[in-house]
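In order, the protein sequences belong to chains A and B. The first sequence maps to residues 1 to 159 in my numbering. The second sequence maps to residues 1001 to 1414 in my numbering. Ideal placement from N, C-alpha and C gives every residue a C-beta, glycine not left out. All figures in this text were calculated on a predicted structure; none of them were measured in a lab.
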Amino acid sequence: MQKSLHLDPNKCTGCLQCEMACAWENHRSFTTAKSRIKVFAFHHEGRFVPYTCTQCDEAWCVLACPVDAIRLDPATGAKIVLEPTCVGCKVCTIACPFGTINYVASTGKVQKCDLCGDHGPACEKACPTGAITYVDADWTGLGKMRQWAGKTDTNPATV
Amino acid sequence: MRHVIIGSGPAGVVAAETLRKADPAAEITLLCGEAGPPYARMAIPYLLKGQIDEGGTHLRKDADHYGRLRIQLVQAHAQAVDTGARTVTLGGGSLLPYDRLLIATGSRPSLEQIPGIGLPGVHACWTLADARTILAKAKPGTCIVQMGAGFVGCIIMEGLLSRGVDLTILVRSGYMVRRMMNPTASGLIRKWCEAKGVRILTHTQPQGITAEGGALQVALADGHILPADLYLSAVGVDPNLEFLAGSGIAIGKGILVDANLQSNVSGVYAAGDVAEATDCLTGRRQLNAIQPNAVEQGRIAALNMAGRSARFKGSFVFNVLTTLGLASSSFGEWQGASGGESAEVLDASRYRYLNLQFEDDRLVGANTVGFSDHIGAFRGLIEGRVRLGKWKQRLREDPTQIMQAYLAAAHSVA
C-alpha cells in the first residue's frame, strides 16, 4: 500500500517546523522560503493551512515537462524532479493547477515534494501536533482532491 | 490498427506514448521532420546558454524509448494527405497508409517580408539547426540585430548575451511581449533588459537588409543603418498546414477540431499548435501554441484514436517566460473582461508586479512579473471557474493573497 501525506489544517498551529525540516532536508538550510511544503496563514480566520503536492495521478507536471525531467518514483508513488535534467523552463509551474511545483532561483531548477524517498517525509516527523501524517493513500483527502481536479481536468480518463 | 502521427514535437510524442498504452497491438508511426531524436524547442534557450548539450533538449532521454514502445520513428516530411485513400504522401512520393491520422505538425517562424531576408547571416531561432548556426556565429563582440521581442525573442536573449554579443532588439509596436503582457508588465521587462545592456528600439522595423563586405546592414525607416554580423528574425510563428491543401480537411486559422479533437474528416485528428479548438474562457475557437495545451491535446486525441472516447473540455492561453532571468507569466484574459474588475500591485524597483482580472467573482486573467511561487494556482482558479466569493474583495485589496484565495475558494480549507 502506497502512502500519502495527510494534511489537517485543524491541527496546524503555524509553527513552521515542517517548512524548516523540508528546507533542511533538501537545501541544508533553515530558509523556510525554500521549503516544498508551505503553511499559508489566514489572519482573518486565525487559521493555518499546510499545503504541498498530492502526487496526483494526472500529473500535469510530468506530462508538460519538455525534457522528461519529472519521473515517477515507483517505490513511493511520488513524482520527482531530476535536477540535472531540469532546465528551469518553468512550464510545469504553470501546468500544475494546484500550484505545488515551484521554481527555485538559487538552483535554477524547479522543485516539488518527493516524499523524501525511502526514509519518509521530514515534515511529518517534524510536525509536533499531528497536522501532518503519512498514512495509507486511501485514508487521505486524495479522493477529494482528485474530485476537484476532475473539474479542471481536460479529461478524467487515464490510461 | 495503423496510427500515423505527423510531427514529433511534444503533442506527437505524447500521443504516440498514449496510443501505445491504450492499444498494445497498434502499429504506430511517428513522422519526424528533422533528423535526430524528437526534441523540445523549449530547451533551445538553455542550449544557447551552454547549460545543456543537445542531448539535454531531447523530449525523452532513454535512447531505446521509442523502440521499447514499438513507436516507429520515420524521418520524412508529409507532402500531402489523401483522406479518401487514407494515405500520407511522403517526400519522394511514397505513400504511407493509415487507419487513424494525427496531425501535430506544429509551427514555424513567420517570414518577414523585407528585401534581404534570404541573405546569409539572417536566421530564425527555432530549430536545433538554427541553434547550431547561432552557436557557431555568436562570439564575444558579435553584433546581433534581432527583430521581434515576443515570447521567442525574449526567451533566447539570455543565451545570446551569455556569449558576449552586442544585442539590439527591434520592436514593431511600442511594447515587448505585447501578446502576453499588459503595458506595465511589458515596461518592467523592457527596463530589466536595458539594465542588462540590451538596446531596445520600439516602433522600429527594418525596411531591408543588405550585405556589405561580409557584414549586414539593416536599414530602418528613419534612415538609420544598423550594422550587424547576424540578423535574427523572431516575429512570431505560423502553423504548418500547407501540405493539407486539397485534402478536404477543414481549416480556419488552424485545423478545425471538435471536442474529441477530430477534424471534419472521420479518422483525422489534430493536436498542438495546428489545432483550432474551443477556448474554455471565451467559447471561441482559437489556436493555442503552448506546451501544456500541446501535450494535453496529444493525449486526448490519442485516446480517441484508440477508440476510447475522451473529451477536450477546452483550454485557454497561459504561458511563462524568463527574460534574462526575470520570470513573468500570463494567464487568460489579462487584458480584462468587459465590465469586469481588476487589481494590481507594483514594486517597480524590485521588478515585481501582479495584475489580476475578474469577471463577476471569478478570476479570468493575470500577469505576473518577478513572482513565480505557486503560479499554477492561477490556472487552477481560471480553468476551474472557481467562485471567489468574499476573496475577490480581499484580492482587490491585496493581490498577493492569491494562494490563500485559491485554498479557501477552490479547496474550502479556510
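Quick check: the stretch 1124-1140 of chain B against the stretch 1148-1163 of chain B, are there 3 or more CB pairs under 8 Å?
Contact between the stretch 1124-1140 of chain B and the stretch 1148-1163 of chain B is present, because at least three Cβ pairs lie under 8 Å.
Give a yes or no on whether the minimum CB-CB distance between A/Gly14 and chain B is below 8 Å.
Proximity of A/Gly14 to chain B, defined by a Cβ-Cβ separation below 8 Å, is not satisfied.
Throw me the rounded Cβ distance for the B/Val1145 and B/Val1218 pair, which I believe falls under 8 Å.
B/Val1218 and B/Val1145 do touch by the CB rule: their CB atoms are close to 5 Å apart, below 8 Å.
Can you check whether the C-beta of B/Ser1186 is within less than 8 Å of a C-beta belonging to chain A?
With 8 Å as the cut-off, B/Ser1186 does not count as an interface residue toward chain A.
I'd like to confirm something about B/Met1001: is its beta-carbon nearer than 7 Å to some heavy atom of the ligand NAP, or not?
Ligands displayed in this structure: none; no statement on the ligand NAP is therefore possible.
May I ask you to verify whether the stretch 29-43 of chain A touches the stretch 65-84 of chain A, counting CB pairs closer than 8 Å and requiring at least 3?
Taking a contact to require three or more Cβ pairs closer than 8 Å, the stretch 29-43 of chain A and the stretch 65-84 of chain A do not qualify as touching.
Candidates B/Val1317, B/Gly1325 and B/Leu1261: which alpha carbon is nearest B/Gln1335's?
The residue with the shortest Cα to Cα distance from B/Gln1335 is B/Val1317.
From this set, A/Leu5, A/Ile94, A/Cys116 and A/Gly14, which residue's C-alpha is nearest A/Thr32's C-alpha?
Out of A/Leu5, A/Ile94, A/Cys116 and A/Gly14, A/Gly14 has the C-alpha closest to the C-alpha of A/Thr32.
Output yes or no for whether 8 Å exceeds the beta carbon distance between B/Ala1026 and B/His1058.
Pairing B/Ala1026 with B/His1058 gives a Cβ-Cβ distance that is not under 8 Å.
Using 8 Å as the Cβ pair cut-off and three pairs as the minimum, do the stretch 1333-1348 of chain B and the stretch 1387-1398 of chain B touch?
Segments in contact, yes.
Using a cut-off of 8 Å between C-beta atoms, extract the partners of A/Pro9 located in chain B.
Neighbours of A/Pro9 on chain B, chain order: Val1413 and Ala1414.
Quick one: which chain B residues come within Cβ less than 9 Å of A/Lys90?
The answer, in chain order, is Val1320, Leu1321, Thr1322, Ala1327, Ser1329, Ser1372 and Ile1375.
Contacting residues, own chain, Cβ-Cβ under 8 Å from B/Lys1313 (five flanking each side not counted)
Only Ala1259 and Cys1280 meet the Cβ criterion.
Looking only at its own chain, which residues have a Cβ that is under 6 Å from the Cβ of B/Glu1296, when we skip the five neighbours before and after it?
Same-chain partners within the cutoff: there are none.
A/Pro9 beta carbon less than 8 Å from that of A/Arg47:
It is a contact, given that the beta carbons lie within the stated cut-off.
Give the residues of chain B in contact with A/Thr54, contact being defined as C-beta atoms less than 9 Å apart.
For A/Thr54, there are no neighbours in chain B by C-beta distance under 9 Å, as the nearest C-beta there is about 11 Å away.
Report yes or no: is there a C-beta of chain A within less than 8 Å of the C-beta of B/Pro1115?
Under the 8 Å criterion on CB atoms, B/Pro1115 is classed as non-interfacial with respect to chain A.
Within a Cβ cutoff of 6 Å, which residues of the same chain sit near B/Tyr1046, ignoring the five residues on either side of it in sequence?
Same-chain partners within the cutoff: Ile1052.
How far does the beta strand (DSSP E) with B/Asn1319 in it reach, from first residue to last?
From DSSP, the beta strand (DSSP E) with B/Asn1319 extends over Phe1318 to Thr1323.
Rounded to whole angstroms, what is the Cα-Cα separation between B/Leu1096 and B/Val1081?
Computed Cα separation, rounded: 9 Å.
In three-state DSSP terms, what is A/Pro156?
With a pLDDT of 35 at A/Pro156, under the threshold of 50, the predicted position of this residue should be treated as unreliable, though the coordinate-derived value follows. Here DSSP, grouped into helix, strand and coil, assigns A/Pro156 to coil.
Going by DSSP, which residues form a beta bridge with B/Ser1330?
Checking the DSSP bridge columns, you'll see B/Ser1330 partnered with B/Asn1319 and B/Asn1367.
Whole angstroms is fine: what's the gap from B/Tyr1353's alpha carbon to B/Lys1392's?
Cα-Cα distance, rounded: 18 Å.
Could you give the distance in angstroms between the alpha-carbon of B/Asp1273 and the alpha-carbon of A/Thr133?
Computed Cα separation, rounded: 43 Å.
Buried or exposed (CB count within 10 angstroms, at least 16 for buried), A/Asp153
In this prediction, A/Asp153 scores a pLDDT of 40, lower than 50, which makes its location untrustworthy; the coordinate-derived value is nonetheless stated afterwards. Buried: at least 16 other Cβ atoms inside 10 Å.
Determine whether the Cβ of B/Thr1400 lies closer than 8 Å to any Cβ atom of chain A.
Not closer than 8 Å to any Cβ of chain A, the Cβ of B/Thr1400 fails to qualify, so no.
Can you tell me whether B/Ser1415 is buried or exposed? The criterion is at least 16 other CB atoms within 10 Å of its CB, across all chains shown.
The structure shown does not extend to residue 1415 of chain B, since chain B spans only 1001 to 1414, so no value can be given for it.
Within the continuous beta strand (DSSP E) that includes B/His1411, where are the two ends?
Counting along the chain, B/His1411 falls outside any beta strand (DSSP E), though it belongs to the alpha helix (DSSP H) covering Ile1402 to His1411.
Segment limits, alpha helix (DSSP H) that includes B/Thr998:
With chain B running from 1001 to 1414 in the structure shown, residue 998 of chain B is simply not present.
Pairwise C-alpha distance: B/Val1013 and B/Ala1270
The alpha-carbon separation between B/Ala1270 and B/Val1013 amounts to approximately 13 Å.
Do B/Asn1355 and A/Ile94 have their CB atoms nearer than 8 Å?
No, the pair does not count as a contact, with Cβ atoms beyond the cut-off.
Span of the beta strand (DSSP E) around A/Arg71
Element bounds for A/Arg71: Ile70 to Leu72.
Give me the Cβ distance between A/Val104 and A/Lys90, rounded to the nearest whole Å; I'm assuming they're in contact under 8 Å.
Rounded, the Cβ-Cβ distance is 11 Å, inconsistent with contact.
What residues from chain A crowd round B/Ala1078, counting only those whose CB sits closer than 7 Å?
Within 7 Å Cβ-Cβ: nothing; B/Ala1078 doesn't reach chain A, min ~23 Å.
According to the neighbour-count rule (16 or more other Cβ atoms, all chains shown, within 10 Å of its Cβ), is B/Thr1204 buried or exposed?
So B/Thr1204 counts as buried.
Could you tell me which whole alpha helix (DSSP H) segments of length 4 or greater appear in the stretch 33-99 of chain A?
For the stretch 33-99 of chain A, whole alpha helix (DSSP H) runs of length 4 or above, ordered along the chain, are 60-64 and 91-95.
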